[in-house]
Structure formats: C-alpha cells, structure tokens
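In this note's numbering, the protein residues as written are 2 to 135. From the three backbone atoms N, C-alpha and C, an ideal C-beta is built for every residue, glycine too. Okay, so here's the structure we're looking at.
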Ligand code: SF4
Ligand code: SF4
C-alpha cells in the first residue's frame, strides 16, 4: 500500500486481483488456449504495451474485510512493498489496454474475425494466382 491517508479512503483495490504475463499468442491454438482461460470465472486477459496478461480477480486472504488493511503489513511480500504510487488503482485507475477480454465469448468473436480475415486473404491470394496463370 502507498500513502496511509490515501489508502484510508480505499477498500484495498490493489489487493483484490493479480495479473501474470503470458506468452503472446500466435497460432489459432494459442488463442483458443486463452479462450479456455476465459471460460473460468473472474478471469480476464488484457494487452498492454504489446504484452499479454492473465488477470485473476481474487481478493488476497490477508486483506481485512473490516477496515481493508493488510493483516500482515510488516511481513507483506516484496511485490506489495514495491507497489508504486503511479500504479495505484485508486488514484491512477485509468487503464490503457490495447485489448481486454472478459469472457470466452469475446475471445471466440475475436478468433473468428482474426482468423476468418486471414482465411479470406489467403483465398483472395489464391484467386489472384489462378487469374494470373490463365
Ligand atoms: S489501490 Fe492505492 S489507495 Fe487503494 S489500497 Fe492500494 S495503494 Fe492504497
Ligand atoms: S499481502 Fe497485504 S498488501 Fe499484499 S496483497 Fe495481501 S493484503 Fe494487500
């Protein structure tokens, strides 16, 4: 947590999720694997600065439900100690996602568009080839 006064007004937003980097998908199978992540509750996937992340919305077991303080403040993990003011979800809550998927349905649509377009491009190229060879 950052400034004491600032955190006093917040319900511990930064302690209610974590995000892990994942490999940038390339193949249709990679995207389908991400669709599988998104079949699960409280999972989202976002892209920021070209990097892909799996976001798990799940509150830390050490966040007090009474006053939203950290119950292990003195021995909280380094990642919590390193959390910077500029990253604070309460004051800097604007996200600049390039992509944000909140359900498998959204990914299903994305796959259709992304790979259907590829297919049509391939088909167009084939047609162009056929015309030339006539
Ligand atoms: S989101 Fe910001 S204000 Fe809220 S607990 Fe975390 S550091 Fe404090
Ligand atoms: S250990 Fe404490 S500071 Fe870290 S996420 Fe949990 S409640 Fe928040």
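#1: Taking contact to mean 3 or more Cβ pairs, one atom from each stretch, closer than 8 Å, check whether the stretch 12-21 and the stretch 68-86 are in contact.
#2: Measure the C-alpha to C-alpha separation of residue 105 and residue 112 and round it to an integer number of angstroms.
#3: Take residue 90 and list the residues in its own chain whose beta-carbon comes closer than 7 Å to its own, dropping the five residues that flank it on each side.
#4: Can you tell me whether residue 16 sits near ligand 2, meaning its C-beta is under 6 Å from at least one heavy atom of the ligand?
#5: Distance check for residue 45 and residue 59, CA to CA, integer angstroms please.
#6: Enumerate in chain order the residues of its own chain whose CB-to-CB distance from residue 114 is below 7 Å, with the five nearest sequence positions on each side excluded.
#7: With residue 21 and residue 55 assumed to form a contact (beta carbons below 8 Å), what rounded beta-carbon distance in angstroms separates them?
#8: Quick check: the Cα distance between residue 1 and residue 19, rounded to an integer number of angstroms?
#9: Got a sec, what are the start and stop residues for the beta strand (DSSP E) residue 54 sits in?
#10: Looking at residue 77 and ligand 2, is the gap between the Cβ and the nearest heavy atom below 6 Å?
#11: Quickly, what does DSSP pair residue 6 with across the bridge? List them, please.
#12: Out of 32, 118 and 77, state which residue places its alpha-carbon closest to the alpha-carbon of residue 107.
Well, looking at it:
#1: yes
#2: 10 Å
#3: 14 and 15
#4: yes
#5: 12 Å
#6: none
#7: 5 Å
#8: For the chain, the structure presents residues 2 to 135; residue 1 sits outside this window and is missing.
#9: 52-57
#10: yes
#11: DSSP output for residue 6 lists no bridge partner at all.
#12: 32
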